[in-house]
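There are 2 protein chains.
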Amino acid sequence: MEWFYLVSMTCSFRSGSGLAGYGAMNSSKPRPVYPPIQNNIIFSTATSSTSTTVRSSFAEDIKLEESDHSNIDVKAKLKRKRQKKPTHGREEPMNHVEVERLRREKLNQRFYALRAVVPNITGMDKASLLEDTVRYINELKLNAENAESKKDAVQIQLNKLNEEIAEQNAVLEFVDEGEEQWRMI
Amino acid sequence: MEWFYLVSMTCSFRSGSGLAGYGAMNSSKPRPVYPPIQNNIIFSTATSSTSTTVRSSFAEDIKLEESDHSNIDVKAKLKRKRQKKPTHGREEPMNHVEVERLRREKLNQRFYALRAVVPNITGMDKASLLEDTVRYINELKLNAENAESKKDAVQIQLNKLNEEIAEQNAVLEFVDEGEEQWRMI
DNA sequence: GGTCACACGTGAGGC
DNA sequence: TGCCTCACGTGTGAC
Numbered sequence: 001m002e003w004f005y006l007v008s009m010t011c012s013f014r015s016g017s018g019l020a021g022y023g024a025m026n027s028s029k030p031r032p033v034y035p036p037i038q039n040n041i042i043f044s045t046a047t048s049s050t051s052t053t054v055r056s057s058f059a060e061d062i063k064l065e066e067s068d069h070s071n072i073d074v075k076a077k078l079k080r081k082r083q084k085k086p087t088h089g090r091e092e093p094m095n096h097v098e099v100e101r102l103r104r105e106k107l108n109q110r111f112y113a114l115r116a117v118v119p120n121i122t123g124m125d126k127a128s129l130l131e132d133t134v135r136y137i138n139e140l141k142l143n144a145e146n147a148e149s150k151k152d153a154v155q156i157q158l159n160k161l162n163e164e165i166a167e168q169n170a171v172l173e174f175v176d177e178g179e180e181q182w183r184m185i
Numbered sequence: 001m002e003w004f005y006l007v008s009m010t011c012s013f014r015s016g017s018g019l020a021g022y023g024a025m026n027s028s029k030p031r032p033v034y035p036p037i038q039n040n041i042i043f044s045t046a047t048s049s050t051s052t053t054v055r056s057s058f059a060e061d062i063k064l065e066e067s068d069h070s071n072i073d074v075k076a077k078l079k080r081k082r083q084k085k086p087t088h089g090r091e092e093p094m095n096h097v098e099v100e101r102l103r104r105e106k107l108n109q110r111f112y113a114l115r116a117v118v119p120n121i122t123g124m125d126k127a128s129l130l131e132d133t134v135r136y137i138n139e140l141k142l143n144a145e146n147a148e149s150k151k152d153a154v155q156i157q158l159n160k161l162n163e164e165i166a167e168q169n170a171v172l173e174f175v176d177e178g179e180e181q182w183r184m185i
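Taken in order, these protein sequences are the chains called A and B. So the first sequence is numbered by UniProt numbering: it starts at 1 and just counts up by one. So the second sequence is numbered by UniProt numbering: it starts at 1 and just counts up by one.
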């Protein structure tokens, strides 16, 4: 496992080597691997004290990296390159390549952010991630619904008890009043 | 807007025309557009009676299509094609193409399913979808947490009131008993 | 005409 | 070993 590297390395050194020849510079890029957050480990729904902290800071790193590098630096570079060459034979579709690379990069960052938010991920591929995301959203919806209905039920019980207590207080007051009147006689 | 078509059209007619020449049959495929479910309309969190039904049936369609077509039919076809040609000049990487197509298709179905589950989608592209998904998950988490804590608070109040009522009942019983004894004298 | 987003085929690499 | 997933460059249609 010597090819392990972090997520933000995907956004590094994007300036040179933009030749239009296809499949030439493809071998220098290792396959990305995801940081070992909740890989193949089934968590119960109650273990969210430590992992949440780690994942939150991780998502913040992603967000900072995304809003700093992608949206300003690369786009300005693209603008400059575009104005230099109006229409040539081979250097024209280079910015298209870079734009596409940027789009892919952004999409992958969103995937990483999603991976940081969704627990109980069963697989490492993107399809499994999306599947688990749908499952998790439905689960959360059900939980919220259950908690809400339980809260409503308890609230109804509490209101009923409040009425009961008010009634009992009225009875007590009446008894006290009668007792006092009875004593005055 | 005459190029509007449904989602399940992406999964149709995948059998023939697998030539290795690139970019030939690409012009007959229009740009995919997503069904008009909650597009640019901001829903509040309380409107989930009609839209949920529509989205649920839609997700079921996706699920059925995926588990029927992708996992059995195409894979069996790939197995047969693979055993026929061991190593040839041009027909060998065709199954790779088809496998890749299948993978892309599956991933897109997951994207559609996610789009059916997540409300308040701000953009039509995949990156925005994932961004809104993360936002929605955090929102749901917060909602569940709030409902749970509210439920706990109301439950505590109810327990306190129950104790109070029991105490008052004891007092009443004591008063009744004393009154009875006082009357017997 | 330029931008954006997408699907496609393809090489590479991990399991 | 083959199977599967991924990133890449490219073509293309809609804005």
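From the three backbone atoms N, C-alpha and C, an ideal C-beta is built for every residue, glycine too.
query                                                                                   : result
Rounded straight-line distance, which links the Cα of B/Gln181 to that of A/Ala170      : 24 Å
Distance, A/Leu102 Cα to A/Lys151 Cα                                                    : 47 Å
Beta-carbon gap between B/Lys106 and A/Ala147 smaller than 8 Å                          : no
B/Lys160 vs A/Leu140 beta-carbon contact at 8 Å                                         : no
Contact with chain B by A/Val99, beta-carbon distance below 8 Å                         : no
Candidates A/Thr133, A/Thr122 and A/Asp125: closest to B/Val117 by CA position          : A/Thr133
Residues that B/Thr133 contacts on chain A, provided the C-beta gap is smaller than 7 Å : Leu114 and Thr133
Partner residues on chain B for A/Gln181, Cβ-Cβ distance less than 8 Å                  : None at all; the shortest Cβ gap to chain B is about 15 Å.
Anticipated Cβ contact below 8 Å, A/Lys143 with B/Ala144, distance rounded              : The displayed chain sequence assigns Asn, not Lys, to residue 143 of chain A. Right, their Cβ atoms sit about 5 Å apart.
C-beta atoms of residue 197 of chain B and A/Phe111 nearer than 8 Å                     : Because chain B is modelled from 1 through 185, residue 197 of chain B falls outside the range shown and cannot be assessed.
Residue-level contact to chain A via CB, B/Ala147, 8 Å cutoff                           : yes
Sub-8 Å separation of residue 186 of chain B and A/Gln168 beta-carbons                  : An answer regarding residue 186 of chain B cannot be provided, because it is not within the stretch 1 to 185 covered by chain B.
Interface residues of chain B facing A/Leu102 [CB-CB closer than 9 Å]                   : Near A/Leu102 there are no residues of chain B at all, since even the closest Cβ is about 11 Å away, more than 9 Å.
Short CB-CB distance (under 8 Å) between A/Glu164 and chain B                           : yes
Contact with chain B by A/Asn143, beta-carbon distance below 8 Å                        : yes
Chain A contact for B/Ala170 (CB, 8 Å cutoff)                                           : no
CB of A/Ile165 within 8 Å of CB of B/Glu164, strictly                                   : yes
Min CB distance A/Phe111 to chain B below 8 Å                                           : yes
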